[in-house]
Amino acid sequence: MVACRLAVVDKTCRVESPSGSGMQRGPAKGHNRSELEVADVPSMADLSIMVFPWGVERPSMDETIEIVKLAEDLGFYSATLPTHMTMSPDWLFRTFPNDDVLDALVMAPILAAATSTIRIGFNAILPPLLPPYQWAKYLSTLDVVSGGRLIVGAAMGWWEEDFTSVGVDRRKRGRLFDEQLEAITRLWTEERVTFQGEHYQLDDIPLEPKPVQKPYPPIWIGGGVKSIERAARYGECILAFWPDEVQSRDLWIPGLAEAGREHGTDPKLAAFTFAYVADSQADLDSYGDKLQTAVAFDDPTIDPKRVTISGSPEACAERIRALHDAGVWHFVVEFQFHGLETVGFAMGQMEKFAEEVGPLL
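Heads up: the sequence shown begins at 1 in full-length UniProt numbering, then just goes up one per residue.
This is the structure in C-alpha cells:
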C-alpha cells in the first residue's frame with residue numbers, strides 16, 4: 001500500500017501569505033504553495049506531462065495545442081514546456097533532422113487560452129537569460145490570463161548555446177539565478193522593490209498586476225542535490241532527473257527535510273522521467289535503444305529500466321507506487337522522449353497510460 005497520494009483540491013483556492021499582507025522581504029516563508037494535498041494512493045492527478053517545441057518532426061502549434069488538450073481530458077495535472085533559445089548539438093538532439101525551436105514563452109499563453117483546467121508550466125525557464133523584472137512581469141501576467149494556473153519551473157541551464165545566444169557568461173549562472181529568484185519573488189509580493197545585487201539592481205520599482213496565486217505561483221526548482229537549498233528557500237519542490245527509490249529515500253528526502261527546517265518550509269521531491277507502456281516484453285525490449293538514448297544524457301551506463309516508468313501496465317503502476325512510497329511527491333513524465341518520438345506517438349502512449357495504468361494506481 002502506498003503511503004500517500006496527491007489529490008487535486010478546489011482549483012480556485014489560493015493560499016495567502018501567513019501575514020495576510022503579502023508584504024515581506026525575500027521569498028514567502030512557511031506556507032503551503034500547492035493545491036495538492038496528501039492522501040492515500042497515487043492517481044492521474046499526481047502526474048504532469050512535458051511537451052516539446054522541437055522534435056524529429058518540425059514543431060507545430062496545432063499539434064502542441066492538441067496534445068495539451070488531450071492531457072487535460074485525460075486528467076493529467078499540468079503540461080510543461082522547456083525554454084531553450086537554440087538547439088543543442090549534443091545528446092539526442094544530434095539525431096534531429098531539423099533545428100527548429102519554437103519559443104516556449106510564446107507557446108505557453110496560447111496553451112493557456114486553449115485549455116481551462118490543466119495547469120500550464122515551464123520545465124524550465126532559465127532566469128539568467130532575461131532581466132528579473134521582465135521575468136516577473138511576464139510570469140505574473142501569464143498567471144493572471146490563465147486564471148491562476150501557472151507553474152514556474154526554474155533551472156540554471158546547462159547547454160552553452162543558450163547563454164552565448166544572449167551574451168551571458170554561463171560560469172556565473174548560479175549567482176545570477178539566486179539574485180533572479182530573490183528579485184522576482186519580491187516583485188511579486190511587495191508594493192515597491194529596491195534591490196541591490198551584484199548583477200541586478202532595482203530602485204523603488206512597482207510591479208502590477210501581481211500574480212493571482214498567493215503569495216506567488218508554485219516554483220519548481222530543476223536541478224541536482226546542490227539545488228536542494230534553493231528549493232527550500234524559494235520553491236514548492238525540487239524536480240530531479242529520474243531518481244530511483246534508493247536515491248529518493250536516502251538522499252533527496254533527508255536533504256530536503258534538512259533544508260526545509262533551515263528555511264521553515266516543506267519542499268517536496270518531484271521526479272522527471274520517461275514513460276513507455278509496452279504491449280509485451282518483446283515490445284519493451286525492442287524499444288530499449290530509444291529508452292537508453294533518452295536517459296543517457298549525463299550517464300551512458302544508466303539502466304533505463306531502473307529509472308523510467310516502462311513495461312506492462314502493471315509494471316508501470318508498480319513503479320509509480322514504489323517511487324511514491326520512497327517519497328516522490330509528483331511525477332513529470334515524458335511520452336515523446338524529449339523529441340525523439342512524434343507528437344502522435346506521445347498522444348497514443350498518453351491514452352494507453354490513462355486507460356491501462358491509471359486504473360491500477
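Where a beta carbon is used, it is the ideal one built from N, C-alpha and C, also for glycine.
Specify, as a first and last residue, the run of the beta strand (DSSP E) that F122 falls within. R119 to I125 is the extent of the beta strand (DSSP E) around F122.
Counting only the same chain and skipping the five closest in sequence on each side, list residues whose C-beta sits under 7 Å from that of L360. P313, E314 and A317
Looking at the structure shown, is Y133 part of a helix, part of a strand, or coil, going by DSSP? The three-state reading of DSSP puts Y133 in helix, counting H, G and I together.
If you run the structure through DSSP and keep just helix, strand and coil, what is A240? strand
Throw me the rounded Cβ distance for the M107 and L81 pair, which I believe falls under 8 Å. 6 Å
Please report the distance separating the alpha-carbon of T194 from that of S60. Distance between the alpha carbons of T194 and S60 is about 41 Å.
Can you look up V51 in the DSSP assignment and give me helix, strand or coil? coil
Between the alpha carbons of P209 and S140, how many angstroms are there, rounded? Cα to Cα, the separation comes out at about 7 Å.
With a threshold of 6 Å on Cβ separation, who are the neighbours of A121 within its own chain once the five nearest residues in sequence on each side are excluded? Checking the sequence, you will find Gly at residue 121 rather than Ala. The residues are S78, T80, I151 and G153.
What does S310 pair with, by DSSP beta-bridge criteria? Y276
Hey, could you find the ends of the beta strand (DSSP E) F195 is sitting in? V193 to Q196
For E356, which residues of its own chain have a beta-carbon under 7 Å away from its beta-carbon, when the five flanking residues on both sides are left out? Within the same chain, Cβ atoms closer than 7 Å to the Cβ of E356 are found at V277 and P313, the five residues on either side in sequence being excluded.
Just to confirm the assignment, what range does the beta strand (DSSP E) spanning V332 have? V328 to E334
Would you mind working out which of D325, S165, P109 and R175 sits nearest V144, comparing C-alpha positions? P109
By a C-beta neighbour count over all protein chains shown, 10 Å radius and 16 as the cutoff for buried, is D178 buried or exposed? Of the other Cβ atoms in all chains shown, 16 or more fall within 10 Å of the Cβ of D178; this residue is therefore buried.
Which same chain residues, not among the five before or five after D204, have their C-beta less than 7 Å away from its C-beta? Cβ within range, chain order: R192 and T194.
At which residues does the beta strand (DSSP E) containing T80 begin and terminate? S78 to L81
Using alpha carbons as the reference points, say which of S280, V343, I253 and L181 lies closest to G311. S280
Using 8 Å as the threshold, is the stretch 215 to 223 in touch with the stretch 163 to 173, meaning 3 or more CB pairs across them? no
Spatial neighbours of L239 within its chain, please: C-beta separation below 6 Å, excluding the five flanking residues on both sides. The residues are W220, G222, A270 and F272.
For the alpha helix (DSSP H) containing G255, list its first residue and its last residue. I253 to H263
For K214, count the other beta carbons within 10 Å of its own beta carbon; 16 or more makes it buried, fewer makes it exposed. Which is it? buried
Could you tell me which residues DSSP puts in a beta bridge with W220? G153 and C237
Could you tell me whether the Cβ atoms of E66 and M350 are closer together than 9 Å? no
How would you call V246, buried or exposed, if buried means at least 16 neighbouring beta carbons within 10 angstroms? exposed
Given L102, which residues of its chain have a CB within under 8 Å of its CB, disregarding the five upstream and five downstream residues? P53, W54, P59, M61 and T64
Among residues of its own chain, excluding the 5 on either side of L207, which ones have a beta-carbon nearer than 8 Å to its beta-carbon? Y133, A136, K137, S140, L187, W188 and V193
Would L92 and G339 be called neighbours here (beta carbons separated by less than 9 Å)? yes
Counting only the same chain and skipping the five closest in sequence on each side, list residues whose C-beta sits under 6 Å from that of E341. none
Report the residue from F274, D303, R230 and A326 whose alpha carbon sits nearest the alpha carbon of D250. The candidate whose alpha carbon is nearest that of D250 is A326.
Determine the burial state of E334: buried for a count of at least 16 other Cβ atoms within 10 Å of its Cβ, exposed for fewer. buried
What do you reckon, are the CB atoms on T83 and L111 nearer than 9 Å? In this structure, L111 does not lie closer than 9 Å to T83 by Cβ.
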